[in-house]
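Scroll down for the structure; my scribbles are underneath it.
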Amino acid sequence: MKYALVIPDGCADEPQASLGGKTPLEAAAIPAMDAIASAGVVGRANHVPEALPPGSDVANLSLLGYDPNLYFTGRAPLEAAAQGIHLGPNDSAIRCNLVTIEDQSMRDFTAGHISTEEATQLLATLQSELGGEHLEFIPGVSYRNLLIYRGGKNPPPFTSDTRATPPHDLTDKSVLDDYPRGPGSDFLNQLMSDSVSLFANHPVNRKRREQGHRPATNIWLWGQGRTPAVPPFVQIYGKRGAMITAVDLLRGLAELIGWRRIEVPGATGYLDTDYAAKGRAAVAALAETDLICVHIEATDEASHEGNAPAKVKALEEIDRHIVGPLHKALAAQGEYRLLVTPDHPTPLRTKTHSHGAVPFALAGTGIVPDTLRAYDEIAAAQSKLAFVEGWKLMRYFLGS
Ligand SMILES: [Zn+2]
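Residue numbers for the sequence shown follow our numbering, beginning at 1 and rising by one.
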């Protein structure tokens with residue numbers, strides 16, 4: 001049996017006045033996803049336990065079949081794993097976003113989607129001015145970078161009580177009440193403060209301003225944690241997996257659970273990603289793996305920008321270039337199962353992730369169809385199939 005999981009990140013949403021009272025999933029023309037709903041079942045699952053933050057980290061850990069209450073330690077350690085960075089027992093990884101803060105308001109948590117090349121130069125300045133034996137600033141992709149704290153013989157100052165707000169939760173809001181607090185926060189706040197003067201007249205920012213782009217005014221530190229002890233997927237579920245994604249977080253998850261990572265040229269993690277290239281790579285991977293997972297960030301990005309038409313368009317591209325070809329290829333090769341589901345809702349209204357159930361559609365060998373015919377939030381709400389603990393959906397999907 002072959003398995004495919006397609007994750008349109010954050011695609012679950014609310015009815016939109018601008019879409020005639022429909023949700024983006026309802027408004028989009030997604031015949032391939034609706035075909036899965038028709039041939040199989042629609043249900044809903046909750047991937048973010050109430051006590052944890054509604055991030056892609058927690059939600060995707062659950063989606064991949066791991067109880068986040070047991071295994072989640074923070075976002076940054078997952079991204080460190082993606083980059084092959086080894087964390088010792090007294091080390092912590094911390095997300096180091098490049099952001100634009102104006103008038104104490106989070107104008108842009110991506111610093112205008114700053115390029116990786118520009119980010120690398122800013123990180124080099126941070127390393128030479130603030131880095132050292134205990135601190136490594138490590139460039140990632142665009143605004144998503146890392147700070148590694150090397151504790152050596154002493155544990156890091158951060159604990160599970162250290163609070164740091166994800167910058168994408170602060171879009172267009174005041175940041176004054178959301179600087180890190182709790183154990184180790186003085187240290188984080190000092191670094192964030194130091195970055196302001198280092199960046200103010202940095203050549204990268206001077207050039208960005210000249211070109212009419214948003215400067216990276218600050219670093220924003222959050223998502224700190226140590227490496228989680230996660231058992232390999234094959235050990236728990238008996239299947240080999242492979243991951244296609246443009247986002248370090250998902251690469252890290254794949255690395256931690258022992259999945260192969262497939263890099264696709266043209267996959268950007270943004271609205272301009274090469275959907276067809278991802279679809280082709282997924283189809284090609286079916287021959288070599290039991291389970292192929294395709295993660296697409298574009299739907300989530302559209303919500304962060306509050307852009308309903310872009311979200312609808314991203315769904316239609318995913319449907320046409322990824323879900324459709326995958327379903328066709330799966331059906332042609334023999335026994336299969338195909339699951340489409342986001343990780344968490346990202347409502348256009350709030351421009352950020354939220355708790356709550358997401359709709360899924362599942363079809364394939366041995367799945368007895370229900371009466372629901374469309375893949376959207378409305379159909380899912382009518383379904384009797386619901387996973388309050390979303391991590392249990394994986395076992396249902398694999399049919400074991
Ligand atoms: Zn997400």
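Note that beta-carbon positions come from the ideal geometry of N, C-alpha and C, so glycine has one too.
Cβ shell of residue i (< 6 Å), same chain only, five flanking positions each side left out
i: PRO139; result: ALA119, THR120, LEU123 and ASN145
i: ASP370; result: VAL41
i: PRO156; result: SER92 and TYR149
i: VAL196; result: ASN218
i: TYR179; result: ASN189
i: ARG107; result: THR100
i: HIS134; result: ARG150
Outcome for residue i when other beta-carbon atoms lying within 10 angstroms are tallied against a minimum of 16
i: ALA287; result: exposed
i: ASP319; result: buried
i: GLN16; result: buried
i: LEU176; result: exposed
i: GLY241; result: buried
i: ASN46; result: buried
i: ASN60; result: buried
i: ARG209; result: exposed
i: GLY112; result: buried
i: PRO89; result: exposed
i: GLU117; result: exposed
Proximity below 7 Å, CB of residue i to CB of residue j
i: LEU398; j: GLY364; result: no
i: GLY225; j: PRO77; result: yes
i: PRO167; j: PHE109; result: yes
i: ASP248; j: GLU79; result: yes
i: PRO215; j: ASN201; result: no
i: ALA403; j: ALA254; result: Nothing can be reported for residue 403, as the shown portion of the chain is limited to 1 through 400.
i: LYS328; j: ASP290; result: no
i: ALA32; j: VAL358; result: no
i: ILE30; j: LEU385; result: no
i: LEU191; j: THR125; result: no
i: VAL230; j: ILE244; result: no
i: GLY252; j: ALA82; result: yes
Contacting residues, own chain, Cβ-Cβ under 8 Å from residue i (five flanking each side not counted)
i: LEU52; result: VAL58, PRO68, ASN69 and PHE72
i: VAL402; result: Residue 402 cannot be examined here, being either before or after the span of the chain that is shown, 1 to 400.
i: SER354; result: PRO54, HIS344, PRO345, THR346 and PRO347
Close-in-space but distant-in-sequence residues of the same chain around residue i (CB under 7 Å, 5 per side omitted)
i: ALA308; result: GLN16, SER18, LEU19, PRO24 and LEU348
i: SER185; result: THR162
i: VAL410; result: Within the shown structure, residues of the chain are numbered from 1 to 400, placing residue 410 beyond reach of any answer.
i: ARG75; result: GLY55, ASP57, ARG95, GLY223 and LEU249
i: LYS22; result: PRO15 and GLN16
Rounded distance between the beta-carbons of residue j and residue i, thought under 8 Å
i: ALA285; j: ILE292; result: 5 Å
i: ALA37; j: ALA331; result: Actually they are not in contact, since the Cβ atoms of ALA37 and ALA331 sit about 16 Å apart, beyond 8 Å.
i: ASP34; j: ALA310; result: In fact, because the Cβ distance is near 21 Å, the residues do not count as touching under 8 Å.
i: GLU335; j: MET1; result: 4 Å
i: THR227; j: LEU87; result: 4 Å
i: LEU98; j: ILE85; result: So it is not a contact: roughly 19 Å between Cβ atoms.
i: LEU405; j: ALA302; result: For residue 405 there is no data in the structure shown, the boundaries of the chain being 1 and 400.
i: TYR275; j: HIS344; result: 21 Å between Cβ atoms; not a contact.
i: GLN104; j: SER174; result: 6 Å
C-beta neighbour in chain C for residue i, strict 7 Å
i: ALA35; result: The structure shown contains no chain C, having only a single protein chain.
Legend entry - Whole alpha helix (DSSP H) elements within the region 110-195, 4-residue minimum: 116-130
Inset, instruction - Starting from the N-terminal side, write out each stretch of the alpha helix (DSSP H) that is 4 residues or longer and does not extend beyond the region 278-318. - result: 298-304 and 308-318
Legend entry - Runs of alpha helix (DSSP H) lying entirely within the region 30-100, each at least 4 residues, in chain order: 31-39, 56-63, 68-71 and 75-82
Legend entry - In chain order, each beta strand (DSSP E) run of at least 3 residues that lies wholly inside the region 320-359: 336-340
Inset, instruction - Could you tell me which uninterrupted alpha helix (DSSP H) segments, each at least 4 residues in length, are contained entirely in the region 362-389, listed from first to last along the chain? - result: 377-382
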